[in-house]
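In the working numbering, the protein residues as written are 60 to 260.
All C-beta atoms in this analysis are idealised placements derived from N, C-alpha and C, irrespective of residue type, glycine included.
Since we're looking at a predicted model, the values are computed, not measured.
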Amino acid sequence: PSRFRASITIGARIALWETLLPEWIGVIRQRMPDISICSDIGFEENLMRSLIEGSMDIGMMYTPQHAPGLLVEHLFDETLVLLSTDPGRPWPNDEYIYVDWGPGFYAQHSNRYPHIERPAQRVNIGWLAVQLTLANGGSCFLPVRLAQPLLRAGRLFHVPDSPQFILPAYMVSARDRDSEVLQQVLDQLRMLAALERQKTY
């Protein structure tokens, strides 16, 4: 017999795995050592497909789709801030890297900067924007949660007078799945999300 009473598959966007979810998984492992956890990285389309197919138990993402049989819960809000390697340089400029944080960010960005030209660089994950910015110089919008170590180290700086955008993070799971273990894990994640909502960065 297996030494684990159950297994859970958890998937999320890479930005949520950065600094945050490894800590959450560690807490769950401490409190529920008799379950095994499979951790995956994916984009919303892949995560939603796996949830609908039943091959994934819990998905965490920024722009979930609503589908029959799935429960979508708000976890917390990311705050996106504009960071640069050269805060004294006028913005926008050709070194700006647009990060595709989803349609909500696109709408906020377009409303705030209706006349901005198409950026010379565009990426689909924040991690890549960080690598490009640090390697070559430039600017990008990042969750302040991820930016704090780079700000403290003096590697990135806030762009003066720049706006902040809100990016909600969500948890998606099967609505009517009769699994005590799944419900226990979901409860743990809800408690951890409540703690995250209380933090100030």
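Extent of the continuous beta strand (DSSP E) to which D99 belongs:
94 to 100
Euclidean distance between Cα positions of R236 and E154
48 Å
Inter-residue Cα distance where the pair is D145 and I117:
40 Å
Which residues in the same chain as G185 place their Cβ atom closer than 6 Å to its Cβ, once the five residues preceding and following it in sequence are excluded?
A74, V158, L201
How is Y165 classed by DSSP in three states: helix, strand or coil?
helix
In chain order, what residues of the same chain lie with their CB nearer than 7 Å to the CB of A47, ignoring the 5 residues before and after it?
Shown here, the chain extends from 60 to 260; a query on residue 47 therefore has no answer.
Go to S268, then tell me how far its beta strand (DSSP E) extends in each direction, as first and last residue.
It is not possible to answer for residue 268, since the shown part of the chain is limited to 60 through 260.
Which whole-angstrom value describes the C-beta separation of L129 and S221, a residue pair presumed to lie in contact below a C-beta threshold of 8 Å?
Actually they do not touch by this definition, with Cβ atoms about 36 Å apart.
Chain-order list of residues whose beta-carbon lies under 6 Å from that of E255 (same chain, five-residue window excluded):
F135
Can the beta-carbon of P162 be found closer than 9 Å to that of T122?
yes
Local conformation of L201 per DSSP, three classes:
strand
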